[in-house]
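For reference, the structure discussed in these notes is given below.
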């Protein structure tokens, strides 16, 4: 377990740069940006390879992080940021896109498989464990025979963008509940 002074580390996954901003794969960045706005902070470059914001969500001390690497290499910055802030995997929350959930669905869990998500695979390899918390944001399956890798690197559709703000806000609420109340109470509230 973490020491009382150790924060909860909340990592939003995505790819850096303007080319990827509206992609389904970057929904973790969108949620991290919403949480940063809630605590009134701005992301700043950190030596561990992530952009970070430190603050409080309710009574809980948190560090928000967005790895500056591409999604497939997220593990190094996440492990480095965890080590710097002395955060154990039990106090790490990773927010990511999920193909196996309908658009806008939010699900919370600890551990489990990566379901082909290379960002999660990289984090698991770098941490040496799967036992970290995950907030999964549903982006739905690709239509027809579209390659899932191509699908997640496409921008949200016009219809999806109409409700995107609402779902990002809902996901940020779920992250806050998870950090404040723990997994089971947050699951009971958001599932």
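Residue numbers (this note's numbering): 112 to 302.
Virtual Cβ for every residue (Gly too), placed ideally from N, Cα, C.
Treat the numbers as computed from the prediction; the structure is a model and nothing was measured.
When secondary structure is reduced to three states using DSSP, residue 180 falls in the coil class, being assigned neither helix nor strand. Distance from the CA of residue 163 to the CA of residue 243, rounded to the nearest whole angstrom, comes to 19 Å. The closest CA to that of residue 157, considering only 219, 189 and 141, is found on 189. If the five residues before and after residue 154 are omitted, its C-beta is found closer than 7 Å to the C-beta atoms of 147, 162, 163, 164 and 177, all from its own chain and listed in chain order. In this structure residue 206 is in contact with residue 143, their Cβ atoms being roughly 7 Å apart against a cut-off of 8 Å.
Secondary-structure assignment with DSSP links residue 161 through a beta bridge to 178. Per DSSP, the continuous alpha helix (DSSP H) segment holding residue 232 begins and ends at 229-238.
From the listed residues 247, 227, 221 and 237, the smallest Cα separation to residue 123 is found for 247. Note that the region 278-292 does not touch the region 251-258; fewer than 3 beta-carbon pairs, one per stretch, sit closer than 8 Å.
With fewer than three CB-CB distances shorter than 8 Å, the region 180-189 does not count as touching the region 215-225.
Put simply, the backbone Cα of residue 168 is about 27 Å away from that of residue 212. For the options 202, 145 and 194, the alpha carbon positioned closest to that of residue 172 is the one of 202. Here the C-alpha atom of residue 294 lies approximately 13 Å from the C-alpha atom of residue 284.
In its chain, beyond the 5 residues on either side, 244, 245, 246, 247, 285, 289, 294, 297, 298, 301 and 302 have a beta carbon closer than 8 Å to the beta carbon of residue 219.
Annotated as distal: residue 210 and residue 272, with beta-carbon spacing of 8 Å or more. Annotated as proximal: residue 134 and residue 265, with beta-carbon spacing under 8 Å. Between residue 191 and residue 159 a beta carbon distance of about 4 Å is seen, short of the 8 Å cut, so the two are scored as contacting.
Around the beta carbon of residue 268, fewer than 16 other beta carbons sit within 10 angstroms, so the residue counts as exposed.
With fewer than 16 other beta carbons inside 10 angstroms of its own, residue 128 counts as exposed. Taken atom to atom, the span from the alpha-carbon of residue 196 to that of residue 118 is near 7 Å.
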